[in-house]
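Novice: Chains as they are written, first to last, in this note's numbering: chain V, 1 to 189; chain C, 1001 to 1590.
Input: one structure, supplied below.
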């Protein structure tokens, strides 16, 4: 009985031993392809993350550049608007009228026309009179007129006196160029 | 006692792996559900939460004069706002050192730029609120100066605003747009053309509410408004307005108008009024003075209608410019319970021709001229000349004037007579001007033209086509009427003040009594008019000048000189050479 009792544990231990096996280095080396994959995946993921970061930085830079350009465009638009406002004011009839008045301009109420086709003068040449022909001070409201003409020069009339009577002036000797009978119109309005 | 047994590790591993697989499976299913099945709905919900949609206003088109000069356009203005709760000293670098600028000084700097007092600025920026408006709609130059101050508690809202660079030039025609959207004039009439179609864009905002850059998506492109070109010559308009402003001031009149029409086309070259509204600041004038009276105000024309009576007599063959009539000191209207018509001055019995009647502007004389034509025929002529009906312009609020029905006339003997010298009927200044256009245009009444069209590209504008007119009187009658009008300028006691040396001018004066709406009686001050056509040998322009309720000059003499100045400018501006033909020299007396 005791022999059986003695042997029985040894029988029981035998399979346990059989289960033990040495861990060889060869086996761990066999796992290295998996490690390689893991390493590659890790490097890949890191690469993607870095690429993403670079891309993000580049995009951010482009966005800043875009914002800067938009700001520049806004500034230029404002500049353009300021200049347009000034041009509008200076070219408004109100400013021109006031400037003409300051310069002592007089509109001649007796216009004379030359018909080049018929070689004929229409109207009686008369010097402009400083009576009702003088350009009047502006009377028409304009609340957006922000700029006015400054530093207007001495009236032309003072610089060079107008001829006393235009009609007595000698005819021009230069040849008259025909304009097909049409009275040339001033390019201004 | 229970012992934990190590069991089979591989089995346990399998169980764990199985569990993980199941978990992954569940996640995968949920992922597919979220990413594929419900993806669109979730995306939409998410976008709704972070996306903002806003309207992109279409840029309103411009209004141009006939030469392309801009009379109305849309630009950016800036509302200047502050956050009072954040108001404090402003750090600024001065000579390389950072110094703190006190709020009072900053307020003074802001006030100087905005042209208001520092106290006004201080009132607006003191408080605990997050929003306070300091000034609305400042211009770009002021905005830039404010930005340069670098005040952290100021912020700016750009706003589109309509501006009229020439101020009150053609202001009454252009109309205006208030901030509440109220419109008048051309702005109202051509709103559909000018307005364009608003666009729409959406963008995404972050958690802090700030727009995410590059997230803007235009969902609907804004379509800019088209431009409108008027027939108005703004330089001529300005000149006429200047003349009328000084005239109204001198006459101490309620208002004045000057209308310039191109005879052969009906184009309105100027429609000047005084007072004239500056559409940039319409609140400065009363609602009545903001109106376009040339199209909207109807009043009894007075003697300028005598021309129509004379033309009717000539056209019906019942008389000629040399028709001999008596002009007594008073004329008793038959069957009128003693309604007596007199002239403006006492005189004895005068022997005048029809031409003389016009030159003298005799009321009693014109009654003897006009009565040779039956009243129904005269009524028809008045209708054909355009009385009692709005013109084809269809200007907002345009008046039709008043021409009572034939039934009314049949029961009103006085009206039938007094209409011969412009009482009992009313006309707008544009109707009056078009009557004279008819006489100048060989008897053909055209539709007045104020707008050439509506185009996207300003280079595409062409003159509006001239529609065939109505032959009101014959060409011969037109010529004879012009000859009579010429004699008014040559020999008329007032008419001669409108004469322009070198040019053959025809005109008619008018001094109309104004009916008091309360008493129904006629009284002064008068509506004085001077309507003229030039040159008579080839009529090209009509200038019609009126001053309503002239207080310093009680006759049309008050507008003869303004007519002359404006007509001179028209002839000069449009290069009309002086006349070379001679006057008809029709007799005035017999």
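Beta carbons are placed, not taken as given, at the ideal position from N, Cα and C, and that holds for glycine.
These numbers come from a predicted model, not from an experiment.
Going along chain C in order, which residues have a C-beta closer than 7 Å to the C-beta of residue 104(V)?
Specialist: Working through the first chain from its first residue, we reach residue 104(V) at position 104. By Cβ distance, chain C contributes nothing, its closest Cβ being about 17 Å from residue 104(V), past 7 Å.
Novice: Can you tell me whether residue 1385(C) is buried or exposed, with buried defined as 16 or more other CB within 10 angstroms of its CB?
Specialist: The sequence position of residue 1385(C) within the second chain is 385, counting from 1. Classification for residue 1385(C): buried.
Novice: Using only alpha-carbon positions, find the residue among 1547(C), 1532(C) and 1488(C) that is nearest to residue 1513(C).
Specialist: If you number the second chain from 1, residue 1513(C) lands on position 513. It is 1547(C).
Novice: Please report the Cβ distance between residue 1502(C) and residue 123(V), rounded to the nearest whole angstrom; I am assuming they are in contact, meaning their Cβ atoms lie under 8 Å.
Specialist: The sequence position of residue 1502(C) within the second chain is 502, counting from 1. The sequence position of residue 123(V) within the first chain is 123, counting from 1. At roughly 5 Å, the Cβ-Cβ gap stays under 8 Å, so residue 1502(C) and residue 123(V) are in contact.
Novice: Can you tell which of 1335(C), 1074(C), 1085(C) and 1064(C) has the C-alpha that lies nearest to the C-alpha of residue 1230(C)?
Specialist: Here residue 1230(C) is taken as the residue at index 230 of the second chain, counted from 1. For the residues 1335(C), 1074(C), 1085(C) and 1064(C), the minimum Cα distance to residue 1230(C) belongs to 1064(C).
Novice: Please work out which residues of its chain come closer than 8 Å, Cβ to Cβ, to residue 1349(C), disregarding the five sequence neighbours upstream and downstream, and give them in chain order.
Specialist: Taking the first residue of the second chain as 1, we reach residue 1349(C) at position 349. The residues are 1326, 1327, 1328 and 1329.
Novice: Are the C-beta atoms of residue 1289(C) and some chain V residue less than 7 Å apart?
Specialist: On the second chain, position 289 is the one that residue 1289(C) refers to. No, its Cβ sits nowhere closer than 7 Å to a Cβ of chain V.
Novice: Measure how close the beta-carbons of residue 1313(C) and residue 1373(C) come, nearest whole angstrom, since I'm counting them as under 8 Å.
Specialist: By one-based count along the second chain, residue 1313(C) stands at place 313. By one-based count along the second chain, residue 1373(C) stands at place 373. 6 Å between Cβ atoms; contact.
Novice: Indicate whether at least one CB of chain V lies closer than 7 Å to the CB of residue 1502(C).
Specialist: Numbered from 1 along the second chain, position 502 holds the residue referred to as residue 1502(C). It does; some Cβ of chain V falls within 7 Å.
Novice: If we define contact as Cβ-Cβ less than 7 Å, is residue 139(V) a contact residue for chain C?
Specialist: By one-based count along the first chain, residue 139(V) stands at place 139. For residue 139(V), the answer is yes, since a Cβ of chain C falls inside 7 Å of its Cβ.
Novice: Could you tell me the distance, in whole angstroms, from the CA atom of residue 1411(C) to the CA atom of residue 1375(C)?
Specialist: By 1-based counting over the second chain, the position of residue 1411(C) is 411. By 1-based counting over the second chain, the position of residue 1375(C) is 375. Taking the straight line joining both Cα atoms gives about 12 Å.
Novice: Under three-state DSSP, which class holds residue 1590(C)?
Specialist: Mapped onto the second chain, residue 1590(C) falls at position 590. Here residue 1590(C) sits in coil by DSSP.
Novice: Would you call the CB atoms of residue 1331(C) and residue 1304(C) closer than 7 Å?
Specialist: Locating residue 1331(C) in the second chain gives position 331, counting from the first residue. Locating residue 1304(C) in the second chain gives position 304, counting from the first residue. Cβ distance not < 7 Å, so residue 1331(C) and residue 1304(C) don't count as in contact.
Novice: State buried or exposed for residue 1041(C), treating a residue as buried only when at least 16 other CB atoms are found within 10 Å of its CB.
Specialist: Counting from 1 along the second chain, the entry for residue 1041(C) is found at position 41. The residue in question, residue 1041(C), is exposed, as its Cβ has fewer than 16 Cβ neighbours within 10 Å.
Novice: When you check each C-beta in the stretch 1165-1190 of chain C against every C-beta of chain V, which residues fall closer than 9 Å?
Specialist: Answer set for the stretch 1165-1190 of chain C: 1165, 1166, 1167, 1168, 1169 and 1171.
Novice: Find the nearest neighbour of residue 1227(C) within the set 1455(C), 1252(C) and 1086(C), judged by alpha-carbon distance.
Specialist: Mapped onto the second chain, residue 1227(C) falls at position 227. That would be 1455(C), whose Cα lies nearest to the Cα of residue 1227(C).
Novice: So the candidates are 1085(C), 1084(C) and 1100(C); which of them puts its Cα closest to the Cα of residue 1091(C)?
Specialist: Stepping through the second chain from its first residue, residue 1091(C) is reached at position 91. Of the candidates 1085(C), 1084(C) and 1100(C), the one whose C-alpha sits nearest the C-alpha of residue 1091(C) is 1100(C).
Novice: Give me the residue from 1558(C), 1540(C) and 1589(C) with the minimum Cα distance to residue 1268(C).
Specialist: Residue numbering aside, residue 1268(C) sits at position 268 when the second chain is read from its first letter. Ranking the options by Cα distance to residue 1268(C), first place goes to 1540(C).
Novice: So which of 1528(C), 1587(C) and 1536(C) has the shortest CA-CA distance to residue 1251(C)?
Specialist: Within the second chain, numbered from 1, the residue matching residue 1251(C) stands at position 251. The shortest C-alpha separation from residue 1251(C) is found at 1528(C).
Novice: Is DSSP giving residue 1440(C) helix, strand or coil here?
Specialist: Taking the first residue of the second chain as 1, we reach residue 1440(C) at position 440. Note: residue 1440(C) maps to helix in three-state DSSP.
Novice: Could you say which of 1054(C), 1057(C) and 1034(C) lies nearest to residue 1046(C) if we only look at CA atoms?
Specialist: By one-based count along the second chain, residue 1046(C) stands at place 46. Nearest of 1054(C), 1057(C) and 1034(C) to residue 1046(C), Cα basis: 1034(C).
Novice: Just checking: is the beta-carbon of residue 1139(C) within a distance shorter than 7 Å of some beta-carbon in chain V?
Specialist: One-based indexing of the second chain puts residue 1139(C) at position 139. Yes, its Cβ sits closer than 7 Å to a Cβ of chain V.
Novice: Please report the distance separating the alpha-carbon of residue 1038(C) from that of residue 1022(C).
Specialist: In the second chain, residue 1038(C) corresponds to position 38, counting from 1. In the second chain, residue 1022(C) corresponds to position 22, counting from 1. The straight-line gap from Cα to Cα measures roughly 22 Å.
Novice: Classify residue 1560(C): buried if its beta carbon has 16 or more other beta carbons within 10 angstroms, exposed otherwise.
Specialist: Walking along the second chain from the start, residue 1560(C) turns up at place 560. Buried.
Novice: Who pairs with residue 1416(C) in a beta bridge, going by DSSP?
Specialist: Working through the second chain from its first residue, we reach residue 1416(C) at position 416. Answer by DSSP bridge pairing: none, since residue 1416(C) is not bridged.
Novice: At a Cβ cut of 7 Å, what residues of the stretch 1066-1090 of chain C count as close to chain V, listed as they run along the chain?
Specialist: Answer in chain order: 1067, 1075 and 1076.
Novice: If you draw a straight line from the C-alpha of residue 1188(C) to the C-alpha of residue 1587(C), how long is it?
Specialist: Start at 1 with the first residue of the second chain, and residue 1188(C) comes out as number 188. Start at 1 with the first residue of the second chain, and residue 1587(C) comes out as number 587. Distance between the alpha carbons of residue 1188(C) and residue 1587(C) is about 51 Å.
Novice: Could you tell me whether the stretch 82-94 of chain V touches the stretch 105-120 of chain V, using the rule of 3 or more Cβ pairs below 8 Å?
Specialist: Touching, no, given that fewer than three Cβ pairs across the two stretches are closer than 8 Å.
Novice: Run the CB neighbour count on residue 1007(C), radius 10 Å, all protein chains shown included, and call it buried at 16 or more, exposed below.
Specialist: Locating residue 1007(C) in the second chain gives position 7, counting from the first residue. The residue is exposed, with fewer than 16 neighbouring Cβ atoms inside 10 Å.
Novice: Taking the beta carbon of residue 1036(C) as the centre, do at least 16 other beta carbons fall within 10 Å, making it buried, or is it exposed?
Specialist: Translated into positions along the second chain, residue 1036(C) becomes position 36. Flag for residue 1036(C) reads exposed.
Novice: Does the Cβ of residue 1086(C) have 16 or more other Cβ atoms within 10 Å, making it buried, or fewer, making it exposed?
Specialist: Stepping through the second chain from its first residue, residue 1086(C) is reached at position 86. Classification of residue 1086(C): exposed, given that the 10 Å Cβ count is below 16.
Novice: Using a Cβ-Cβ distance cut-off of 7 Å, determine whether residue 1238(C) contacts chain V.
Specialist: Numbered from its first residue, the second chain carries residue 1238(C) at position 238. Chain V, which has a Cβ nearer than 7 Å to the Cβ of residue 1238(C), makes this yes.
Novice: Which residue wins for smallest C-alpha separation from residue 1048(C), given the options 1122(C), 1202(C), 1248(C) and 1508(C)?
Specialist: On the second chain, residue 1048(C) is found 48 positions in, with the first residue counted as 1. The residue with the shortest Cα to Cα distance from residue 1048(C) is 1202(C).
Novice: Can you give the Cα-Cα distance for residue 1435(C) and residue 1245(C), rounded to whole angstroms?
Specialist: Walking along the second chain from the start, residue 1435(C) turns up at place 435. Walking along the second chain from the start, residue 1245(C) turns up at place 245. Rounded to the nearest angstrom, the two C-alpha atoms are 25 Å apart.
Novice: Given a cut-off of 7 Å on the beta-carbon distance, is the pair residue 97(V) and residue 138(V) in contact?
Specialist: As a position in the first chain, residue 97(V) is number 97, starting the count at 1. As a position in the first chain, residue 138(V) is number 138, starting the count at 1. Cβ atoms of residue 97(V) and residue 138(V): closer than 7 Å.
Novice: If you drop the 5 nearest sequence neighbours on each side, which residues of the same chain put their C-beta closer than 6 Å to that of residue 86(V)?
Specialist: Residue 86(V) sits at position 86 when you count from the first residue of the first chain. Result list for residue 86(V): 147, in chain order.
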